[in-house]
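Trainee: Residue numbers (the numbering used here), protein chains in the order written: chain A, 2 to 180; chain B, 2 to 385; chain C, 10 to 264.
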Amino acid sequence: MADDKDIEKQEETYEPKNYEYKQTEHARSDMPLIVLGLLVFVALMLGATLANRGIGKFGSKPVLDLPKDEKFCVRDVKFMRENHMKLLNTWRDQVVRDGVRTEKIPRRDATGKILKDASGKTVYQTIGRSLTKTCLRCHDNHESFCQRCHEYTGVVKHGGTLKCFQCHIMPNPKTKAGR
Amino acid sequence: MLEKALSGSKGYWAWIFSLLVLIGIGGGFYLYQLNEGLGVTGLNRDVSWGLYIAQFTFLVGVAASAVMVVLPYYLHDYKEFGKITILGEFLAIPACIMCMLFIGVDMGRPDRIVYVFMHPSPNSVMFWDTLVLFGYLMLNVVIGWTMLSAERKGVAPPKWVKPLIYLSIPWAVSIHTVTAFLYQGLPGRGFWMTAIMAPRFLASAFAAGPSFLILMVLLVRKFTKFDPGDAALRKLGQIVTYAMFISVFFFLMEVFTVYYSNIPEHKHHFSFLFKDGPTYLVGAMWLFVALAVIGLVILVNPKTRNNITTLAVGAGCVFTASWLEKGLGLVIGGFTPNPLGKYTVYTPSLPEIAIAVMVWSVGFLILTVLYKVATGVKEEKAAS
Amino acid sequence: MDRGKRNFLKIAGLTGVGAYVGLKGVEAIGNKSGKAAKKLALVIDTRKCKGDCPDCITACHREHNVPEKHNPNFKPPGPNENQGIKWIWTSTFGGAFGEQMHERTGRRKDPLLVLCNHCADPPCTRVCPTGATWKRPSDGIVTIDMHRCIGCRFCMAACPYGSRSFNFHDPRRSLKAVKPGFPTRTLGVVEKCNFCVERLAEGLGPACVGACTKKAMHFGDLNDKNSPASKALVGVHSITRKPNLGTGPEVFYVL
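This is how it looks when you write it as structure tokens:
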């Protein structure tokens, strides 16, 4: 019968219509793109390492030039090692934004012990919250102090300058300040 | 869906490659600018904003203009725009990205951009502009990609897209209003301090954006099998006509206010732009006038508006005219003469132009990729 | 109480709270001027200052490491010269007071000192997107935090007086000598007169006022009627720049 033949014909020529992905005309390998991507990745990763070559020998600690006259800083060494940037940022905001330019810290003797007066109360001194006028008065060469640790830890690239000193000037500008 | 952009004709790859070359060259100039400072541009103490910010201002308008296809389709059920809403949204995305890139290359300290978010300043219009521009970019990315994915899979889009689409309509108006507020709230700049600045911005945006869309649709027709149809193009033509008419009308309002009141200080900006300024600028401004007139003549006449070829010419005239007026005249004219009455001439320098070309190329690259994806999906649906 | 009245009260209450919050918000979104405990001002006596000696300008620029003129050994890569920095300079009467000139004004071309006006209601601080510039509540000085400035130059566009400069180049390439006590600035930030805030903290007056040999400049707190600035404004005719804009400049010119 005509109907049966039509159905047969349909079944013979049946093609699935709604498959998800169409075959592209040229079967193209993605390998070149993958390799290119990997090369870009390796270049980026290696780049950072190569840019920092030449910083300190593995295992050697940086040697810092310490101030000759003053034996004690505005805070103790442990605090400074961990928090000097926090202190500087706090001072910056307090001076520039709040207008409070000085603070009181305890006076210490040569061994670092806090001085007390006759009645046992702590003796205070007023210092300026100033990178240039307080910190740099003693640490007067940022290249042989600040720079050494920062370079060793990779905060500053080899031969570069800490951003602070692009603006802040050493009291005795015999060092390379900025460019 | 991005794999659609990874296969194409030789012409497609040649276009991509040329864009990458322009980006590379501009990138080199940008490194030069980062090193030496913004002094390598033609900017100076008096004209402190120039080509970069002008491009940003113009492109915010182009980004906002996606609303001109979204609004008729979603709010008024204008079916003919159904096929091109995605093209409008996928135009808004690179436009927004270009805006952000132009701000980025203009900043003195781009490494400090996060401070805008770390120290929010609600008193600053620029803070709000950053937020609304970023929000609009996210809206278009989410809406565009979701709608296109749904179309590809042959299913209805998820319900939550609808409110986002409705949100994008006033949001589009807001991004350009806020950008206009950057200018119109400054007490010392008489050229900009006019209440009509935001309406002018919107009108010229709704003329320039859809004009560009018309040209893009024609390119899409030429290079792909996707054809949104002549009806959509003609409707866009109508929208551009009304918007351009209003934009020119607003400009003439400015001219009347300045010249009938005869206040010297206000006239000086106009006479600088149209008479006393450097040749390139005066030429650009009169070209704007000529192209605006020619464009309007073509578009107002229904015969030339409905003929697709002349429509394209008209759209090109309108787009170029809007770019000249907003992308060159507005910013430079506002700064000259300076607050002390001096005329300091600003001419964009070569590095500046190369960097601007780089940002435009990035935009075109993103636009190409997105359009390739969209048309690829539409072709795939049509074939199956 | 019936439904209608309850709903009305709810809506009225919410509206009241909303309006209060909204108004407070608008106030916050307004400018950041705040209320100044001191109102520092500068008075320039144009009867004594003829703008013909550069003492105040030199003193200011030296004190603050302002690279006003390019070092001849540094050729700026940009195409034009108007990229320099100036905190205080001379314009003309016609330039600064254009709206007050008429055809018989004899002083139109006479030099006049101009600088940041440290306005009472500064448009520049209103537009800063990072809070890098603000008017200090304690003394009214409009100051810039160089650590915060992103160099967007919106403040330069907003200033109606053209008082702000931008570092188009690294200033250290143009500076011949450097005063260690005051930091230089970097590439890409905006700067302007700071009313010598660092000198005021040490009890000194502004550098320009100190350097003036003609006794033409007076500085002080206008809230104190015995300050030099207050006294200099008594019994004389003085004007400010563009008063119609409502910025409230604190730099006064005695005519």
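Ideal Cβ placement from N, Cα and C applies to all residues, glycine included.
#1: Using 8 Å as the cut-off, can you tell me whether the segment 147-155 of chain B makes contact with the segment 377-384 of chain B, which would need three or more C-beta pairs spanning the two stretches below that distance?
#2: For residue 167 of chain C versus residue 133 of chain C, is the C-beta spacing smaller than 9 Å?
#3: Just to confirm my understanding: we take residue 367 of chain B, look at its own chain, exclude 5 residues before and 5 after, and list those with CB closer than 8 Å. What are they?
#4: With DSSP collapsed to three states, give me the class of residue 145 of chain A.
#5: Identify the contact partners of residue 179 of chain C in chain B, using a Cβ-Cβ distance below 7 Å as the criterion.
#6: Using the beta-carbon of each residue, which ones in chain C are nearer than 9 Å to residue 343 of chain B?
#7: For residue 127 of chain C, report the span of its alpha helix (DSSP H) as first-last.
#8: What does a CB cutoff of less than 7 Å around residue 38 of chain C pick up in its chain, not counting 5 residues either side in sequence?
#9: On the DSSP bridge list, what partners appear for residue 117 of chain A?
#10: If the cut-off is 8 Å on Cβ atoms, which residues from the segment 124-150 of chain B count as contacting chain C, listed in chain order?
#11: Against chain C, does residue 277 of chain B count as a neighbour if the rule is that its beta carbon must be under 9 Å from one of theirs?
#12: Less than 9 Å between the C-beta atoms of residue 145 of chain B and residue 371 of chain B, yes or no?
#13: Cβ closer than 9 Å: which chain C residues qualify as neighbours of residue 1 of chain B?
#14: Within 9 Å (strictly less), CB to CB, does residue 190 of chain C reach chain A?
#15: According to DSSP, what are the bridge partners of residue 98 of chain C?
#16: Measure how close the beta-carbons of residue 172 of chain C and residue 217 of chain C come, nearest whole angstrom, since I'm counting them as under 8 Å.
#17: Determine the closest residue to residue 246 of chain B out of B:33, B:376, B:315 and B:46, with distance taken between C-alpha atoms.
#18: Is the segment 61-72 of chain A touching the segment 145-159 of chain A in the sense that three or more CB pairs, one from each, lie closer than 8 Å?
#19: Just curious, the alpha helix (DSSP H) that residue 48 of chain A is in, first and last residue?
#20: How far does the beta strand (DSSP E) with residue 263 of chain C in it reach, from first residue to last?
#21: So, are the CB atoms of residue 53 of chain B and residue 159 of chain C less than 9 Å apart?
#22: Taking C-beta pairs closer than 9 Å, name the residues in chain C that residue 329 of chain B reaches, listed in chain order.
#23: Closer than 8 Å, Cβ to any Cβ of chain C: which residues of the segment 117-135 of chain A, in chain order?
#24: Does residue 54 of chain C come out as helix, strand or coil in the three-state DSSP assignment?
#25: Answer yes or no: does any C-beta atom of chain C fall closer than 9 Å to that of residue 100 of chain A?
#26: Assign residue 253 of chain C to buried or exposed, taking buried as 16 or more other Cβ atoms, counted over all protein chains shown, within 10 Å of its Cβ.
#27: Cutting at 7 Å between CB atoms, please list the residues of its own chain near residue 276 of chain B, excluding the five before and the five after it.
#28: Quick one: which residues of the segment 146-165 of chain C get their C-beta closer than 8 Å to a C-beta of chain B? List them in chain order.
#29: Once DSSP output is grouped into helix, strand and coil, what is the label at residue 174 of chain C?
#30: In the DSSP output, which residue or residues are listed as bridge partners for residue 109 of chain A?
#31: Measure how close the beta-carbons of residue 147 of chain C and residue 210 of chain C come, nearest whole angstrom, since I'm counting them as under 8 Å.
#32: For residue 151 of chain A, which of helix, strand or coil comes out of DSSP?
#33: With 9 Å as the C-beta to C-beta threshold (strictly closer), list the residues of the segment 289-310 of chain B near chain C in chain order.
#34: What are the partner residues of residue 144 of chain C, as DSSP defines its beta bridges?
#35: Count the CB pairs spanning the segment 25-39 of chain B and the segment 177-191 of chain B that are closer than 8 Å, and state whether there are at least three.
#36: On the three-state DSSP scale, how would you describe residue 42 of chain C?
Mentor: Per the coordinate set shown:
#1: Cβ pair count under 8 Å is three or more, so yes.
#2: Yes, the Cβ-Cβ distance between residue 167 of chain C and residue 133 of chain C is below 9 Å.
#3: Within the same chain, Cβ atoms closer than 8 Å to the Cβ of residue 367 of chain B are found at 94, 95 and 98, the five residues on either side in sequence being excluded.
#4: Three-state result, residue 145 of chain A: coil.
#5: Chain B residues near residue 179 of chain C: 38.
#6: Going along chain C in sequence order, the residues near residue 343 of chain B (Cβ under 9 Å) are 100, 104 and 171.
#7: Careful: residue 127 of chain C lies outside any alpha helix (DSSP H) and carries neither H nor E.
#8: Here residue 38 of chain C scores only 48 on pLDDT, less than 50, and its place in the model is too uncertain to base an answer on.
#9: Residue 117 of chain A is bridged to A:123.
#10: In summary, the residues of the segment 124-150 of chain B whose CB is separated from some CB of chain C by less than 8 Å are 124, 125, 126, 127, 128 and 131, in the order they occur in the chain.
#11: By this cut-off, residue 277 of chain B is not an interface position.
#12: For residue 145 of chain B and residue 371 of chain B, yes; Cβs fall inside 9 Å.
#13: The structure shown has nothing for residue 1 of chain B, since chain B only spans 2 to 385.
#14: True, the Cβ-Cβ gap to chain A drops below 9 Å.
#15: DSSP output for residue 98 of chain C lists C:123 as bridge partner(s).
#16: Rounded, the Cβ-Cβ distance is 14 Å, inconsistent with contact.
#17: Nearest option by C-alpha distance: B:315.
#18: The segment 145-159 of chain A vs the segment 61-72 of chain A: in contact.
#19: Judged by DSSP secondary structure, residue 48 of chain A falls within the alpha helix (DSSP H) whose first and last residues are 32-52.
#20: It spans 260-263 - the beta strand (DSSP E) in which residue 263 of chain C sits, taken as one unbroken run.
#21: Contact check for residue 53 of chain B against residue 159 of chain C fails: the beta carbons are separated by 9 Å or more.
#22: Neighbours of residue 329 of chain B on chain C: none; closest Cβ ~17 Å, over 9 Å.
#23: Of all residues in the segment 117-135 of chain A, only 133 and 134 place a beta-carbon less than 8 Å from a beta-carbon of chain C.
#24: Correct three-state label for residue 54 of chain C: strand.
#25: Interface residue, yes.
#26: Counting Cβ neighbours within 10 Å, residue 253 of chain C comes out exposed, since fewer than 16 surround it.
#27: Contacts found: 283.
#28: Residues 157, 158, 159, 160, 161, 162, 163 and 165.
#29: Shown here, residue 174 of chain C sits in a strand according to DSSP, grouped into three states.
#30: Beta-bridge annotation (DSSP): residue 109 of chain A is paired with A:115.
#31: Not quite, the Cβ-Cβ distance comes to about 11 Å (not below 8 Å), so this is no contact.
#32: Looking at residue 151 of chain A - three-state DSSP - the assignment turns out to be helix.
#33: Contact residues of the segment 289-310 of chain B toward chain C are absent (C-beta to C-beta distance below 9 Å).
#34: DSSP, once it has assigned bridges, lists C:151 as partnering residue 144 of chain C.
#35: No, the segment 25-39 of chain B does not touch the segment 177-191 of chain B.
#36: Low local confidence applies: a pLDDT of 47 at residue 42 of chain C is under 50, so the model's placement there is unreliable, and no value is given.
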